[in-house]
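Note sheet for the following structure.
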Amino acid sequence: MRSVVLDTETTGMPVTDGHRIIEIGCVELMGRRLTGRHFHVYLQPDRESDEGAIGVHGITNEFLVGKPRFAEVADEFFEFINGAQLIIHNAAFDVGFINNEFALMGQTDRADITRHCTILDTLMMARERHPGQRNSLDALCKRYGVDNSGRELHGALLDSEILADVYLTMTGGQTSLSLAGNASDGNGSAEGSGNRPSEIRRLPADRKPTTIIRASEQDMAEHAARMEAIAKSAGAPALWTQLTQH
């Protein structure tokens with residue numbers, strides 16, 4: 001499945017007050033892997049941003065002077081998201097603004113992107129998994145151990161990258177292990193890797209035997225507690241637990 005993790009920044013809210021998109025950031029996932037493809041643009045909204053909004057994202061009116069208007073990038077943006085599963089935190093907000101931008105152009109078919117994409121709202125997912133808790137992006141980063149130290153202000157591309165990490169961790173745990181690639185970054189995505197299997201490297205027969213360290217009773221107890229925490233978070237037993245029961 002092709003997924004696109006998406007975020008926007010705007011001049012303010014709500015969209016019904018004439019507010020516009022000023023930044024779009026997207027990153028692509030294929031088969032739960034970041035592909036390295038992304039779409040990112042700042043936009044001239046033809047109106048000023050609210051002071052409160054600038055305080056959130058730090059994008060000033062002066063910075064946006066000379067930036068393209070949405071109509072200039074609409075086709076490229078639509079091509080990037082068309083047919084994908086859009087992963088968005090608080091999707092109603094971003095989808096409403098995107099639909100509005102296409103509607104202002106008179107593109108009625110694109111003015112409802114749910115006709116062209118499926119939507120997965122990570123805020124709704126988090127609320128179902130963690131009822132009664134804070135489920136902002138920052139809160140989820142803390143809960144799942146995702147590094148957001150560079151997020152002093154909101155930014156569409158940075159937030160989409162962070163949300164991708166949160167989503168992959170929240171829905172699958174391990175996100176970076178690759179057994180097929182031979183790329184230098186370990187995920188098989190470097191240029192020229194071609195997803196070729198890594199060359200088998202034979203170990204010398206006279207090598208020093210590997211030390212076996214067996215789990216202590218404390219290790220086993222901590223493992224059991226971790227499995228229980230995963231089951232509580234996911235609403236179902238961890239896959240490891242399910243496998244050991246068969």
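So the sequence shown is numbered by full-length UniProt numbering: it starts at 1 and just counts up by one.
No residue lacks a Cβ here, since even glycine has one placed at the ideal position from N, Cα and C.
Legend entry - 8 Å CB neighbourhood of R2 in its chain, flanking five on each side removed: So the list reads E28, L29, M30, G83, A84 and Q85, once near-sequence residues are dropped.
Legend entry - contact_flag[the stretch 55-63, the stretch 91-100] where n(CB pairs < 8 Å) is 3 or more: Using a Cβ-Cβ distance cut-off of 8 Å, the stretch 55-63 and the stretch 91-100 are not in contact, since fewer than three pairs of beta carbons, one from each stretch, lie closer than that value.
Inset, instruction - Have a look at L104, A111, L140 and F77 and flag the residue whose alpha-carbon is nearest the alpha-carbon of V4. - result: In terms of Cα proximity to V4, the closest of L104, A111, L140 and F77 is F77.
Inset, instruction - Compute the Euclidean distance between the alpha carbons of L163 and G106, then round it to the nearest angstrom. - result: Cα to Cα, the separation comes out at about 31 Å.
Legend entry - Cβ shell of N100 (< 6 Å), same chain only, five flanking positions each side left out: Contacts found: V15.
Legend entry - E128 at chain D interface by Cβ criterion, 7 Å: Of the protein chains in the structure, only one exists, and it is not chain D.
Inset, instruction - Measure the C-alpha to C-alpha separation of E72 and P237 and round it to an integer number of angstroms. - result: Each residue's alpha carbon lies about 49 Å from the other.
Inset, instruction - Report the three-state DSSP secondary structure of M122 (helix, strand or coil). - result: Per the sequence shown, residue 122 should be read as Thr rather than Met. Three-state result, T122: helix.
Inset, instruction - Say whether the stretch 158-172 touches the stretch 142-150, bearing in mind that this needs 3 or more beta-carbon pairs closer than 8 Å, one atom from each stretch. - result: The stretch 158-172 vs the stretch 142-150: in contact.
Legend entry - S216 in three-state terms, based on DSSP: S216 falls in the coil class under three-state DSSP.
Legend entry - Between the CA atoms of D159 and L137 - distance to the nearest angstrom: It is roughly 8 Å from the alpha-carbon of L137 to the alpha-carbon of D159.
Inset, instruction - Could you check what DSSP says for S49 in three-state terms: helix, strand or coil? - result: Reduced to three states, the DSSP call for S49 is coil.
Inset, instruction - Evaluate G55 with the Cβ neighbour count: other Cβ atoms within 10 Å of its Cβ, from every protein chain shown; 16 or more gives buried, anything less gives exposed. - result: That one is exposed.
Legend entry - Rounded separation between T8 and M125 - CA only: Here the C-alpha atom of T8 lies approximately 19 Å from the C-alpha atom of M125.
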